[in-house]
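Novice: Numbering (our numbering), first residue to last: 426 to 738.
C-beta: ideal position from N, C-alpha, C; glycine also.
Given the structure is predicted, the values throughout are model-derived calculations rather than measurements.
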Ligand code: SF4
């Protein structure tokens, strides 16, 4: 099931320009058929691309390989909420410091509000008020004069296997024990509070830190999850070794993806190369209706993650 597979790379590409073979200069050497000794092409990726495969290879295939991509389900209210809050905070930092005051928050949030996925207007208004309250509490703890090194800043780095790029919510300049340092800040708006294990285990945060350190040529070992609904910060201090371990894991995932793509290019069944991994996340998967494993799982309403828990008592 699913759409046509494109974009799979062959181990030994046979591609030629669309208009046919380009004329070979008279003195040119015969075309080399082997690629021995040539560097492997790097796997270009973002944290979400790697995360999609690690979560479920089939979801990765639907998102990044099949073309046309299978239709997604309806938009999720929690994604709308997350995007609205992230953009409001981005725009907060775009203001000059003397205008970073709580009074501007309603304007910022209204200006960035994404309306999709809510059950009805009443729920949407309720969530808007909640989000505004989170933002007010959050900026109360910020120094308006602080200028982050980056806000929604793309950082990129290459290893021997992958070319990584990703957009960090915020990169802060901090005073470290041995001089200026950077810290990666990631905003979270989900219901569940997060702890240090989440910060330590986040491959995305580690890759941002690894890349930021190289882009800005400054140590970047601290990663923080700022959970706006609870007003808590879950932080972890990486070491060079722990960052290297996360990079190695990312490279292993990249190799697995490239191997799966190669096997499809070599004629293997795409369903075997990108297996399903059914589990609780299927209920929230955009491709639940396309995926044979997901179709069997009960789905969630698009607004399920922003519903208030039932009143106790
Ligand atoms: S429904 Fe489940 S098994 Fe299917 S692609 Fe989504 S996460 Fe994977």
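Sort 689, 525, 566 by Cα distance to residue 657 and report the nearest one.
Specialist: For residue 657, the nearest C-alpha among the options comes from 566.
Novice: I'd like to check one pair, residue 725 with residue 698: are the Cβ atoms closer than 8 Å?
Specialist: No; because the gap between Cβ atoms is not below 8 Å, this pair is not in contact.
Novice: Could you spell out where the beta strand (DSSP E) holding residue 580 opens and where it closes?
Specialist: Residue 580 -> beta strand (DSSP E) spans 575-583.
Novice: Taking DSSP as the reference, what is the three-state secondary structure of residue 666?
Specialist: In the structure shown, residue 666 sits in a helix (DSSP, three-state: H, G or I).
Novice: Excluding the 5 residues flanking residue 516 on each side, which residues of the same chain have their C-beta closer than 8 Å to its C-beta?
Specialist: Closer than 8 Å at the Cβ level, and outside the excluded window around residue 516, lie 533, 536, 537.
Novice: Measure the Cβ-Cβ separation of residue 703 and residue 722 and say whether it is below 8 Å.
Specialist: Yes.
Novice: I'd like to know whether the C-beta atoms of residue 542 and residue 728 end up nearer to each other than 8 Å.
Specialist: Their beta carbons are under 8 Å apart, which means residue 542 touches residue 728 by this criterion.
Novice: With DSSP collapsed to three states, give me the class of residue 695.
Specialist: Helix, per DSSP.
Novice: One question on the structure: do residue 593 and residue 578 come within less than 8 Å of each other, judged by their Cβ atoms?
Specialist: Yes; because the gap between Cβ atoms is below 8 Å, this pair is in contact.
Novice: Alpha carbon to alpha carbon, how far is residue 686 from residue 428? Give it in angstroms, no decimals.
Specialist: Annotation note: pLDDT 39 at residue 428 (below 50); position unreliable, no value reported.
Novice: Using the Cβ count rule (16 or more neighbours within 10 Å means buried), how would you classify residue 621?
Specialist: So residue 621 ends up on the exposed side.
Novice: My output table needs one value for residue 621: the three-state DSSP class, helix, strand or coil.
Specialist: If DSSP states are grouped into helix, strand and coil, residue 621 belongs with the helices.
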